[in-house]
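Comments concern the structure below.
2 protein chains.
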Amino acid sequence: MTAALPSAPSLPEEAWSANRLNERVTNTGGICPGYVQANLAILPKRDAFDFMRFAQRNPRPCPILEVTDPGDPEPKLTAPGADLRTDLPRYAVYRSGQLVDTPTDIVGLWTDDMVAFLIGCSYSFEHLLVAEGLPARHLEQGVNGSVFLSNIECVPAGKFRGKMVVSMQPIPAGLVEKAVEITTAHPEVHGGPVHIGAPEQLGIHDLAQPQWGDVVHLAPGDVPVFWGCGITPQQAAIESCAELMITHYAGHMFVTSQRI
Amino acid sequence: MTAALPSAPSLPEEAWSANRLNERVTNTGGICPGYVQANLAILPKRDAFDFMRFAQRNPRPCPILEVTDPGDPEPKLTAPGADLRTDLPRYAVYRSGQLVDTPTDIVGLWTDDMVAFLIGCSYSFEHLLVAEGLPARHLEQGVNGSVFLSNIECVPAGKFRGKMVVSMQPIPAGLVEKAVEITTAHPEVHGGPVHIGAPEQLGIHDLAQPQWGDVVHLAPGDVPVFWGCGITPQQAAIESCAELMITHYAGHMFVTSQRI
Numbered sequence: 001m002t003a004a005l006p007s008a009p010s011l012p013e014e015a016w017s018a019n020r021l022n023e024r025v026t027n028t029g030g031i032c033p034g035y036v037q038a039n040l041a042i043l044p045k046r047d048a049f050d051f052m053r054f055a056q057r058n059p060r061p062c063p064i065l066e067v068t069d070p071g072d073p074e075p076k077l078t079a080p081g082a083d084l085r086t087d088l089p090r091y092a093v094y095r096s097g098q099l100v101d102t103p104t105d106i107v108g109l110w111t112d113d114m115v116a117f118l119i120g121c122s123y124s125f126e127h128l129l130v131a132e133g134l135p136a137r138h139l140e141q142g143v144n145g146s147v148f149l150s151n152i153e154c155v156p157a158g159k160f161r162g163k164m165v166v167s168m169q170p171i172p173a174g175l176v177e178k179a180v181e182i183t184t185a186h187p188e189v190h191g192g193p194v195h196i197g198a199p200e201q202l203g204i205h206d207l208a209q210p211q212w213g214d215v216v217h218l219a220p221g222d223v224p225v226f227w228g229c230g231i232t233p234q235q236a237a238i239e240s241c242a243e244l245m246i247t248h249y250a251g252h253m254f255v256t257s258q259r260i
Numbered sequence: 001m002t003a004a005l006p007s008a009p010s011l012p013e014e015a016w017s018a019n020r021l022n023e024r025v026t027n028t029g030g031i032c033p034g035y036v037q038a039n040l041a042i043l044p045k046r047d048a049f050d051f052m053r054f055a056q057r058n059p060r061p062c063p064i065l066e067v068t069d070p071g072d073p074e075p076k077l078t079a080p081g082a083d084l085r086t087d088l089p090r091y092a093v094y095r096s097g098q099l100v101d102t103p104t105d106i107v108g109l110w111t112d113d114m115v116a117f118l119i120g121c122s123y124s125f126e127h128l129l130v131a132e133g134l135p136a137r138h139l140e141q142g143v144n145g146s147v148f149l150s151n152i153e154c155v156p157a158g159k160f161r162g163k164m165v166v167s168m169q170p171i172p173a174g175l176v177e178k179a180v181e182i183t184t185a186h187p188e189v190h191g192g193p194v195h196i197g198a199p200e201q202l203g204i205h206d207l208a209q210p211q212w213g214d215v216v217h218l219a220p221g222d223v224p225v226f227w228g229c230g231i232t233p234q235q236a237a238i239e240s241c242a243e244l245m246i247t248h249y250a251g252h253m254f255v256t257s258q259r260i
């Protein structure tokens with residue numbers, strides 16, 4: 001007899017606690033509806049100011065929700081009581097630009113000079129689009145969203161540079177304007193699209209080959225619309241050969257206490 | 001016979017050049033209409049990351065437009081070609097929390113580790129309000145706006161803390177909602193008001209005694225509305241006893257190349 005998988009948490013505190021106990025090491029899409037989910041990037045202080053300028057210069061892929069004080073694993077403003085060392089389902093550890101580990105906690109890696117960046121996540125704006133009556137094709141198809149590496153160069157800062165990672169949502173042609181309007185009003189979760197309609201202009205030649213996530217099929221009359229994606233810091237860690245960057249594992253986000 | 005005062009510049013490059021030559025050491029209100037003006041705060045790199053977190057945590061008074069790379073006096077993203085050491089009409093130099101000088105350039109103070117922050121300015125949103133048909137009482141009265149020290153504690157970060165400085169605009173009661181709507185859509189120039197209607201709740205007991213700027217009289221039916229103000233970093237320099245912070249002199253802003 002196997003233990004029942006705990007049900008999907010609806011409150012941030014439940015998600016944190018489940019993650020602390022490694023009870024539910026899964027994608028966080030759809031959990032804790034109404035709460036802002038966040039991408040994570042952790043760096044030693046010596047690189048944190050360069051990275052903060054990188055994020056500020058690239059607000060579409062990297063909208064900053066909170067930056068912790070060096071050494072403090074608690075995001076006091078957006079999720080008081082949480083511990084960023086344990087309260088995500090899974091992490092990705094990059095050293096010198098290489099993915100070296102995907103642990104379920106980072107207690108052993110945390111040091112007194114670590115700075116954590118919480119960055120807006122498209123799971124939040126998907127919620128907004130659905131609330132306004134737009135379809136979410138990946139949910140209809142029961143898969144994760146599609147994420148691609150684009151050819152758009154981010155604005156560099158200090159040692160950080162890299163191409164922008166983008167998420168794609170199929171939007172019915174007649175609703176593209178509405179999707180732009182809704183998302184533009186929310187710069188904290190990537191804001192408006194970075195591109196509409198011609199994937200090849202982003203260097204994306206096959207929508208059936210996303211670098212992250214799953215294939216999402218367009219319905220007849222759908223237009224592929226691209227938004228900045230919070231996986232961009234991981235690409236920057238790779239392209240910049242950052243000595244150490246710890247991030248969330250793709251799709252395994254941090255749930256904040258902030259309401260959308 | 002005295003030389004004629006050069007006319008008010010209409011392009012950013014004209015403002016920079018006039019300031020470089022000290023031709024027009026005056027308040028920048030109303031010059032270069034349609035261009036975003038900015039507050040300035042310059043710090044040595046050792047304090048810049050703390051200050052950037054302070055600004056990020058207090059976006060109403062300190063919306064970040066650009067942060068330069070250490071040692072680079074050119075704001076490459078918002079005003080390429082400008083030099084922040086010379087291209088403002090006047091500066092204020094704070095050492096250990098004391099105002100020690102108000103020079104017209106800072107060439108002699110600039111070092112290789114200086115970082116400059118450009119912060120949104122209410123001159124820009126005044127323009128938006130007037131464009132939408134709201135009155136600007138200080139312009140009608142031929143004076144500068146009123147600026148007050150409030151009792152609102154900013155969210156601290158590292159060594160930086162301090163009370164929020166706020167600007168006040170009298171708004172006709174029936175137009176307050178419109179003023180909120182217009183400014184909320186522009187977080188880059190302070191966003192929506194921080195308070196509407198009861199100055200005493202901000203610790204402001206006499207609207208006839210602003211700490212900066214001029215007295216602006218309310219017309220019958222006007223409500224005093226308060227927005228975060230980019231003088232807040234100067235207050236933070238004072239309250240935090242920052243070793244060195246160089247700012248614009250009140251009202252003597254930097255003109256960027258960005259259109260509103």
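Keeping their order, the protein sequence lines are chains A and B.
Residue numbering for the first sequence follows full-length UniProt numbering, beginning at 1 and increasing consecutively.
Residue numbering for the second sequence follows full-length UniProt numbering, beginning at 1 and increasing consecutively.
Positions of the beta carbon are idealized from the N, C-alpha and C atoms, including for glycine.
In the three-state DSSP reduction, A/M52 falls in the helix class (H, G or I). Residues of the segment 144–157 of chain A that bring their beta carbon within less than 8 Å of a beta carbon in chain B comprise V155 and A157, in sequence order. Taking 3 residues as the minimum length, the beta strand (DSSP E) runs contained wholly in the segment 135–170 of chain B are 146–153, in order along the chain. Taking the Cα positions, A/H127 is about 20 Å away from A/P59. One alpha carbon belongs to B/L65, the other to B/P75, and they sit about 10 Å apart. Inter-segment contact for the segment 142–149 of chain B and the segment 32–41 of chain B is absent: fewer than three beta-carbon pairs are separated by less than 8 Å. Within a 10 Å sphere around the beta-carbon of B/Q235 sit 16 or more other beta-carbons, which makes this residue buried.
In the DSSP assignment, B/M114 is bridged to B/P44. Between the segment 79–86 of chain A and the segment 45–57 of chain A there are fewer than three C-beta pairs closer than 8 Å, too few to call the two in contact. Taking 3 residues as the shortest admissible run, the segment 64–107 of chain B contains the following complete beta strand (DSSP E) segments, listed from N- to C-terminal end: 64–67, 91–95 and 98–101. Taking all protein chains shown into account, B/R259 has fewer than 16 neighbouring C-beta atoms within 10 Å of its C-beta and is therefore exposed. Take the alpha-carbon of A/E23 and the one of A/T104: they are about 10 Å apart. By the Cβ neighbour-count rule, A/Q201 is exposed, with fewer than 16 other Cβ atoms within 10 Å of its own. Assignment of beta-bridge partners to A/I246 by DSSP yields A/I42 and A/V93.
Assigned with DSSP and collapsed to three states, B/Q211 falls in coil, not helix or strand. With the criterion set as a beta carbon lying under 7 Å from some beta carbon of chain A, the members of the segment 63–83 of chain B are I64, V67, D69 and L77, in sequence order. At the C-beta level, B/P73 and B/T256 stay beyond 8 Å of one another. Here the C-alpha atom of A/S96 lies approximately 20 Å from the C-alpha atom of A/A55. Per DSSP, reduced to three states, the secondary structure at B/I119 is strand. Here the C-alpha atom of B/T86 lies approximately 29 Å from the C-alpha atom of B/H138. If you draw a straight line from the Cα of A/V194 to the Cα of A/K178, it is about 15 Å long. Here B/C229 is near B/P61, since their CB atoms are less than 8 Å apart.
For the set A/T28, A/V67 and A/F226, the Cα lying nearest the Cα of B/A157 is the one of A/V67.
Leaving aside the five residues that flank B/V155 on each side, the residues in its chain whose CB is nearer than 6 Å to its CB run, in chain order, R57 and N58. Judged by beta-carbon spacing, A/P187 lies within the 8 Å limit of A/P63, meaning their Cβ atoms are closer than that value.
Residue B/Y249 holds the alpha-carbon nearest to the alpha-carbon of B/W212 among B/V223, B/Y249, B/T184 and B/P224.
Per the C-alpha coordinates, the member of B/I231, B/V176 and B/D69 positioned closest to B/D112 is B/D69.
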